[in-house]
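Chemist: In the order they appear, the protein sequences are chains A and B.
Mapped onto my numbering, the consecutive letters of the first sequence carry residue numbers 1 to 316.
Mapped onto my numbering, the consecutive letters of the second sequence carry residue numbers 317 to 827.
Below you will find the structure I want to go over with you.
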Amino acid sequence: MRIFVQKITGLLLFLLILSFISFCLLQLVPGDPVRSMLRVDDVAVTDDQIQQMREQLGLDQSVFVQYGYWLQNLFSLDLGNSYMTGRPVFIEFIEKIPYTLMLTGTSLLVMIMISLPLGILSALYRGRMTDHLSRIFALIGSSIPSFWLGLLLIDLFAVKLRILPSMGEGSWQHLILPSITLGIAMSAVYVRLIRASILESSHQEFIRSARARGVGKQRIFTFHLMRHSLIPLLTVFSESIGSLLGGTVVIEVLFAYPGLGKWIVDAITARDYPIIQGYMLFMSIFIVLLNMIVEWSYRYINPAIAIDPRKKGVTS
Amino acid sequence: MLSLLSKKIGYSISFVILVLLLSACTSQTSSTSGEATNTKKLTLLFNVQSNTIDPHTDVNYTASRAGISETLVKIDDEQQLQPWLATSWKSKDGQHWTFQIRPNVTFHSGAPVDAQAVKSSLERVTQENPAIRNALHIEKMTANGQTLQIVTDTPLPQFPSELVHPNTGIIDTSVDGSTPSGTGPFVLTQFKPGIEVDVKRNPSYWNGQVKLDEATFSFNEDANARLLALQSGNADVVYRFPVESLSQLQTDPNLVIESVPGLRAHQLIYNMENPHLGKLHVRQAIDALLNRQEIVDAVMSGQASVAEGPFLADSPLSPKYTAKPFDIERARTLFAQAGYTVTNGQVTNNGAPLTFNLVTYQSRAELPIIAQLVQANAAQLGIKLNIQQVDNADEYLAENKNWDMAIYSFITAPRGDASYLLNSVYTPTGGLNYGQVKDQALNTLIQQLNQTVDVEQRNQIAQQAVEMIDRNLLHSYIIHPNNFVAHQKRVSGWVTSKSEYYMLTKDLDVN
Chain A
1 MRIFVQKITG LLLFLLILSF ISFCLLQLVP GDPVRSMLRV DDVAVTDDQI QQMREQLGLD
61 QSVFVQYGYW LQNLFSLDLG NSYMTGRPVF IEFIEKIPYT LMLTGTSLLV MIMISLPLGI
121 LSALYRGRMT DHLSRIFALI GSSIPSFWLG LLLIDLFAVK LRILPSMGEG SWQHLILPSI
181 TLGIAMSAVY VRLIRASILE SSHQEFIRSA RARGVGKQRI FTFHLMRHSL IPLLTVFSES
241 IGSLLGGTVV IEVLFAYPGL GKWIVDAITA RDYPIIQGYM LFMSIFIVLL NMIVEWSYRY
301 INPAIAIDPR KKGVTS
Chain B
317 MLSLLSKKIG YSISFVILVL LLSACTSQTS STSGEATNTK KLTLLFNVQS NTIDPHTDVN
377 YTASRAGISE TLVKIDDEQQ LQPWLATSWK SKDGQHWTFQ IRPNVTFHSG APVDAQAVKS
437 SLERVTQENP AIRNALHIEK MTANGQTLQI VTDTPLPQFP SELVHPNTGI IDTSVDGSTP
497 SGTGPFVLTQ FKPGIEVDVK RNPSYWNGQV KLDEATFSFN EDANARLLAL QSGNADVVYR
557 FPVESLSQLQ TDPNLVIESV PGLRAHQLIY NMENPHLGKL HVRQAIDALL NRQEIVDAVM
617 SGQASVAEGP FLADSPLSPK YTAKPFDIER ARTLFAQAGY TVTNGQVTNN GAPLTFNLVT
677 YQSRAELPII AQLVQANAAQ LGIKLNIQQV DNADEYLAEN KNWDMAIYSF ITAPRGDASY
737 LLNSVYTPTG GLNYGQVKDQ ALNTLIQQLN QTVDVEQRNQ IAQQAVEMID RNLLHSYIIH
797 PNNFVAHQKR VSGWVTSKSE YYMLTKDLDV N
């Protein structure tokens with residue numbers, strides 16, 4: 001219980017500091033949303049009207065005062081409304097996040113489906129044809145720009161073969177091409193990581209010890225070798241989830257996929273402060289929770305990590 | 317150790333990969349628009365996405381473009397105002413207006429469209445949208461049957477043209493703005509923010525029979541992806557495909573390409589506070605470095621027309637513009653006339669070489685290329701142009717003083733009236749007067765325009781003002797990019813409008 005309270009307090013403090021820093025950074029960037037809001041490129045506007053609007057929004061006040069108002073509204077669970085659409089930030093975020101979660105999940109699935117078998121095979125057949133092929137795959141996968149790969153996939157599956165939709169959402173088919181595009185780009189890295197991790201683990205003492213004890217080969221592979229190899233991969237895996245949750249704007253634009261990436265890029269361009277602040281807050285919570293889960297999973301995969309060194313009698 | 321592991325693991329993994337590859341190749345065919353049934357359905361793919369469908373706040377006018385909402389006044393392709401939900405309007409002083417609302421029109425919700433409903437809608441938009449509130453200047457409205465009287469807080473002769481703005485679309489305010497109930501030929505069935513708008517036929521449309529049963533107005537901001545969607549049959553009408561694919565599309569017998577001159581003008585803004593650019597001869601010399609035809613041909617692949625002034629040459633707002641040929645020799649002569657020394661391939665002023673900072677931005681891909689062409693021509697003459705790309709040109713040009721010229725772009729007459737351009741760009745307090753133009757004679761003319769109600773007289777004053785802008789070369793207008801669209805041959809009744817306010821119409825059909 002004490003640890004839980006500590007974690008939550010730490011999280012809240014972290015969010016407070018982060019939100020303040022991001023608020024200050026936003027104010028440092030020149031310009032504000034007023035010109036976009038008043039649509040200077042479409043409706044006749046005078047300098048006086050621009051200044052008046054600035055005052056109305058409180059943008060002429062100090063960063064501390066503005067942050068104070070934002071924090072005050074946050075305590076009453078109000079993240080404000082988008083300057084551009086006038087809609088509540090929370091509603092817009094809730095509309096986007098399921099799409100991003102879905103794409104994150106399927107992309108990771110594709111990545112695992114490609115990289116796990118290829119990584120294992122290239123470790124098993126080190127220096128042989130399979131290993132060389134996986135190396136070529138990794139080289140090509142990490143060299144191809146994702147937007148180009150996406151266009152190639154659309155051209156093949158939507159234009160030539162006509163078996164998949166080229167864009168949009170609404171069915172599981174719509175997720176295939178963006179997921180493959182992202183999955184291939186990620187798996188190029190993971191194939192080599194998995195290979196390296198397995199090879200490194202295979203030289204560990206506990207593997208030789210298990211073999212000496214007469215443990216079966218498959219059991220050694222599954223419960224000793226793979227388990228040990230997973231730990232370094234988990235850290236990279238959590239970073240991948242974080243970056244996918246943060247948005248994959250190129251893929252979202254290409255496949256007209258309504259995720260968080262395009263949303264936040266548009267908000268930054270238009271200086272839509274409420275959206276940017278809300279996004280920072282939500283994503284910070286996500287990332288912190290993700291890190292907590294990964295931390296917990298280390299202990300599950302390797303219980304030795306959870307043992308307090310003092311109890312173990314280890315001194316530094 | 318690994319070599320000792322069972323080969324079974326390797327075989328198992330290989331088998332799983334094989335199964336996955338085979339299963340991936342057996343995906344089901346996706347259905348394309350309206351093929352499976354007899355439903356007449358069309359999919360339009362637009363190049364800018366919307367996160368809201370509320371006609372009063374959506375900056376992309378999706379509700380208007382998708383045929384859901386309509387305004388009191390509309391604009392035709394000759395840039396003339398036409399009655400729409402208002403049958404007529406009149407004002408003697410430009411401040412007190414009387415609008416007759418079209419009888420026997422109902423909202424999609426079934427509620428009648430009367431003056432009270434229009435009043436409520438206009439009240440909502442002025443509350444929700446600060447830009448429209450500033451544009452309309454409404455002080456008071458009185459509704460009586462089908463007659464709506466509006467008083468503005470200042471004489472606003474361009475008031476009817478401001479009501480062309482799609483954000484002034486008339487909707488039933490008793491229905492939530494996220495599911496707008498308009499009067500257009502199509503009724504909203506579903507809106508997926510950032511993805512698409514699904515609409516169906518309005519069976520009781522006031523302006524006649526709607527031909528399509530259903531339509532989807534979808535968004536994709538990637539030009540290549542839009543092209544592929546057209547080629548794959550996922551889209552029937554596609555806006556702004558990549559221009560480089562034009563010749564390829566023209567050879568496709570199943571496609572029709574349409575291209576019309578747009579209302580936008582790419583232009584070169586001069587910072588009048590720069591001591592050199594404040595001189596007419598220097599601006600004329602720089603204008604002579606603009607090879608407009610080359611920009612049309614090479615940069616725009618022919619999908620643009622040479623701009624002689626801010627408005628299209630056939631616009632009623634355009635005077636007879638002066639010729640602006642590309643002529644480096646003339647530029648050299650003009651610099652010499654302005655007192656500069658042009659020797660050894662360099663233009664100098666009291667021994668100091670002439671250097672300018674040219675700002676541009678990337679959201680329109682052709683603008684940096686145009687900047688590079690100008691830079692190359694200037695270098696040929698002996699002037700150094702430092703190109704600077706910025707993220708947000710509006711902010712940068714307004715907040716900074718250290719720029720000399722800017723390649724910029726905007727729609728000069730979005731609603732058929734010159735007052736927007738003249739007031740925004742050429743009055744000292746105009747929100748788009750980035751070049752700090754302070755021309756007393758021009759300003760007087762603009763104020764005269766702001767007090768003139770008669771349309772013919774307004775156009776005459778506008779022409780005089782534009783002539784003055786042209787003569788003094790306050791800006792160099794470069795090109796008018798085209799609005800270009802590709803659609804499947806089975807689509808009929810499609811009209812590529814100059815304003816781009818109206819896309820899904822009652823006449824649109826598929827065979």
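No residue lacks a Cβ here, since even glycine has one placed at the ideal position from N, Cα and C.
Values in this document were obtained by computation on a predicted structure and should not be read as measured data.
(1) With a threshold of 9 Å between beta-carbons, can Trp263 of chain A be considered close to chain B, or not?
(2) Does any residue of chain B have a CB that is nearer than 9 Å to the CB of Phe255 of chain A?
(3) Count the other CB atoms, across all protein chains shown, that sit within 10 Å of the CB of Lys822 of chain B; report buried if there are 16 or more and exposed otherwise.
(4) According to the Cβ coordinates, are Ile384 of chain B and Phe502 of chain B closer than 9 Å?
(5) Hey, could you find the ends of the beta strand (DSSP E) Phe502 of chain B is sitting in?
(6) Within its chain, find whatever has a CB closer than 7 Å to the CB of Lys435 of chain B; leave out the 5 residues flanking it on each side and keep chain order.
(7) Could you work out which residue in A:Met1, A:Ile8 and A:Arg2 is closest to Ile285 of chain A when comparing CA atoms only?
(8) Do you know offhand how far Glu205 of chain A's Cα is from His228 of chain A's?
(9) Please confirm whether Ala601 of chain B and Leu701 of chain B have their CB atoms less than 9 Å apart.
(10) What separation, rounded to the nearest whole angstrom, lies between the Cα atoms of Glu589 of chain B and Ala694 of chain B?
(11) Evaluate Phe533 of chain B with the Cβ neighbour count: other Cβ atoms within 10 Å of its Cβ, from every protein chain shown; 16 or more gives buried, anything less gives exposed.
(12) Contact criterion: CB-CB distance below 9 Å. Does Glu281 of chain B meet it with respect to chain A?
(13) Could you name the residues of the segment 690-722 of chain B whose beta carbon sits closer than 9 Å to any beta carbon of chain A, in the order they occur along the chain?
(14) First and last residue of the beta strand (DSSP E) that includes Phe642 of chain B?
(15) Ordered along the chain, which non-local residues of its own chain (more than five positions away) have a Cβ less than 6 Å from that of Thr342 of chain B?
(16) Report back the beta-carbon spacing between Ala581 of chain B and Thr743 of chain B to the nearest angstrom; my notes put them in contact at under 8 Å.
(17) Please confirm whether His481 of chain B has its beta-carbon closer than 9 Å to some beta-carbon of chain A.
(18) Kindly indicate the opening and closing residues of the alpha helix (DSSP H) around Ser792 of chain B.
(19) Taking only beta-carbon atoms, is Leu38 of chain A less than 9 Å away from chain B?
(20) Taking 8 Å as the cut-off, is the beta-carbon of Gln432 of chain B closer than that to any non-hydrogen atom of the ligand NAP?
(21) Is the CB-CB distance between Leu765 of chain B and Met784 of chain B below 9 Å?
(22) Just checking my contact of Glu574 of chain B with Phe800 of chain B at CB under 8 Å: how many whole Å lie between their CB atoms?
(23) At the level of alpha carbons, what is the spacing between Leu118 of chain A and Val191 of chain A?
(24) When you compare only the Cα positions, how much space is there between Ile144 of chain A and Ala781 of chain B?
(25) Does Glu444 of chain B come within less than 9 Å of chain A when only Cβ atoms are used?
(26) So, with DSSP's three-state summary, where would you put Ser347 of chain B?
(27) Which term fits Asp514 of chain B, buried or exposed, when burial requires 16 or more other beta carbons within 10 angstroms of its beta carbon?
(28) I'd like to know whether the C-beta of Val215 of chain A is nearer than 9 Å to at least one C-beta of chain B.
(29) Excluding sequence positions up to five away, which residues of its chain have a Cβ less than 6 Å from the Cβ of Thr414 of chain B?
(30) Residues in its own chain within less than 6 Å of Glu682 of chain B by CB, not counting five upstream and five downstream?
(31) What's the call for Met111 of chain A, buried or exposed, on a 16-neighbour Cβ count within 10 Å?
(32) With H, G and I counted as helix, E and B as strand and the rest as coil, what does DSSP make of Asp825 of chain B?
(33) Whole angstroms is fine: what's the gap from Val43 of chain A's alpha carbon to Trp810 of chain B's?
(34) Determine the closest residue to Leu758 of chain B out of B:Asp770, B:Ser740, B:Val769 and B:Gly500, with distance taken between C-alpha atoms.
(35) Would the segment 479-488 of chain B count as touching the segment 516-533 of chain B if we require 3 or more Cβ pairs under 8 Å?
(36) In chain order, what residues of the same chain lie with their CB nearer than 6 Å to the CB of Glu252 of chain A, ignoring the 5 residues before and after it?
Modeler: The structure says:
(1) yes
(2) yes
(3) buried
(4) yes
(5) Phe502 to Lys508
(6) Met457, Ala459 and Leu464
(7) A:Ile8
(8) 12 Å
(9) no
(10) 21 Å
(11) buried
(12) Shown here, chain B extends from 317 to 827; a query on residue 281 of chain B therefore has no answer.
(13) Asp707, Asn708, Asp710, Glu711, Tyr712, Ala714, Glu715 and Asn716
(14) Neither: Phe642 of chain B is in no beta strand (DSSP E) and is coded neither H nor E.
(15) Low local confidence applies: a pLDDT of 45 at Thr342 of chain B is under 50, so the model's placement there is unreliable, with the coordinate-based value given in what follows. Taken in chain order, the list of residues that qualify is empty.
(16) The Cβ separation is near 18 Å, so there is no contact.
(17) yes
(18) Run containing Ser792 of chain B: none in the alpha helix (DSSP H); it sits in the beta strand (DSSP E), His791 to Gln804.
(19) yes
(20) As far as ligands go, the structure on display features none, and thus does not contain the ligand NAP.
(21) no
(22) 7 Å
(23) 6 Å
(24) 54 Å
(25) yes
(26) Reliability fails at Ser347 of chain B, whose pLDDT of 39 lies under 50, so the model's placement of it is uncertain and the value that follows must be treated cautiously. Coil, per DSSP.
(27) buried
(28) no
(29) Lys406 and Gln465
(30) Val615
(31) buried
(32) strand
(33) 28 Å
(34) B:Ser740
(35) no
(36) Gly259, Gly261 and Lys262
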